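Structure, as structure tokens:
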Amino acid sequence: MPVTKSDIKILNYVHHRHFRPVTYMSLSGKFSKHEVDNLIKGELLSYVPIIVDYQGIPSEKLAAESAISLTKDGIYVVEQNQWFDTQYLLTQIIVPILVGVASAVITTVLLRLL
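Under the numbering used here, the very last position in the sequence shown is 253; numbers go up by exactly one each time.
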């Protein structure tokens, strides 16, 4: 199943709210129901069925109060598409700091020679 940018937005939303439950109603209110249903069918999101019949057997229907969570595949997709990774850390943070420190040291050494 190809994962689109809108799918990644939904997965990131669920991932960053993992300490608080995300219900199907709140998720489908913020995003398209069709996209949320496709992620559930694609096994990137899972849900806990809320509706129980008179025999105590949970229904497979997706209720508005059903809690939505990420599956292992969903977590993998989120972590794969995170922008703050080792490459970003090296190229955008560590290298500019080292270049700045090196240029400051070279400047002070050259100024002392005058």
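Just so you know, even glycine gets a beta-carbon here, dropped at the ideal spot from N, CA and C. From a predicted model like this one, the values you see are computed outputs, not experimental measurements.
Taken through DSSP and simplified to helix, strand or coil, SER167 comes out as helix. Under the three-pair Cβ rule at 8 Å, the segment 232-240 does not count as touching the segment 199-217. Just so you know, the alpha carbons of ASN151 and GLY181 end up roughly 16 Å apart. Setting aside the 5 residues that flank it on each side, VAL187 is surrounded in the same chain by SER205, ALA206, each with a C-beta closer than 7 Å to its C-beta; the list follows chain order. For VAL187, the uninterrupted beta strand (DSSP E) run begins and ends at 184-187, by DSSP.
When beta bridges are read from the DSSP output, ILE233 appears opposite no residue.
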